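Heads up: the structure comes next, in structure tokens.
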Ligand SMILES: Nc1ncnc2c1ncn2[C@@H]1O[C@H](COP(=O)(O)OP(=O)(O)OP(=O)(O)O)[C@@H](O)[C@H]1O
Ligand SMILES: [Mg+2]
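Numbering (my numbering), first residue to last: 1 to 249.
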């Protein structure tokens, strides 16, 4: 589904992605974990062309993005963004549109769907995320958990094949985390491919089929959650998970 080869990116002379290769199969759910500043968000943003890179390639289905952000890549970018949805950490909802307005915006203005059909589908998506009763509310009047679910419904409105989520649980209290896990587990059951950056190990354990650990712009470890999160090979992963401390204590 997604094939990333030797991705490299520097900021101010500093390598943020230092040759990252990874593949994400259709229907797979992968958790990206690792210490702060390790390049997780940068990597995720490269997967749907929100960020350009210096070397390497990102292939999504039959479309391949290369280095830079040349005009020649415009058509490829457009296709990739339709296939790969993104849910931002801070959601970035349109403040001047209602919950329903947020969900139908892209189908109507990007895809050219009729308002009536988009509204019907938008309502079904809001029902899906448990927000039918809030369709007329503006983001400012929604709780963090509600805004996040609108953001997920908005991403799903474009029928993505892959959903990327950057720290989806970071602004949620523990109860809401459980609801989000349930919601995403439902999407997983329908075969949606997901890649999520997370600091929440419960989230990684309950949802992911595979965990990638990014550190210093490289994948230093990967495997099934049970292995990587309980018996990591790499000292940096053990330190990040606090396992060395508990082993001593
Ligand atoms: N626009 C930018 N300009 C300069 N440096 C940047 C920019 N964006 C990110 N960086 C740097 O790149 C490195 C990786 O950042 P990134 O946001 O990908 O890390 P992360 O793993 O997502 O961290 P966190 O867990 O804190 O979100 C950091 O050192 C960061 O300061
Ligand atoms: Mg980040």
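Heads up, the beta-carbon is just placed ideally off N, CA and C, and yes, glycines get one too. Note that the coordinates shown come from a computational prediction; the quantities given were computed from them, not determined experimentally.
- Closest in C-alpha terms to residue 77, from the list 89, 87, 58 and 88, comes 58.
- Going by DSSP, residue 182 is part of the alpha helix (DSSP H) stretching over 174–189.
- In this structure, 93 is the residue among 111, 93, 133 and 164 with its C-alpha nearest to the C-alpha of residue 150.
- If only uninterrupted beta strand (DSSP E) runs of at least 3 residues are considered, those enclosed by the stretch 15–91 are 29–33, 55–60, 63–65 and 84–87.
- Looking at the DSSP output, residue 3 bridges to 23 and 59.
- A straight line joining the alpha-carbon of residue 169 with that of residue 175 spans about 11 angstroms.
- Residue pairing of residue 159 in beta bridges, as defined by DSSP: absent, with no partner found.
- Checking the DSSP bridge columns, you'll see residue 193 partnered with 162.
- Distance from the CA of residue 17 to the CA of residue 182, rounded to the nearest whole angstrom, comes to 32 angstroms.
- Check the Cα spacing between residue 220 and each of 162, 34 and 15: the tightest is with 34.
- Between the beta-carbon of residue 80 and that of residue 49 there is about 5 angstroms, and that keeps the pair under the 8 angstroms contact cut.
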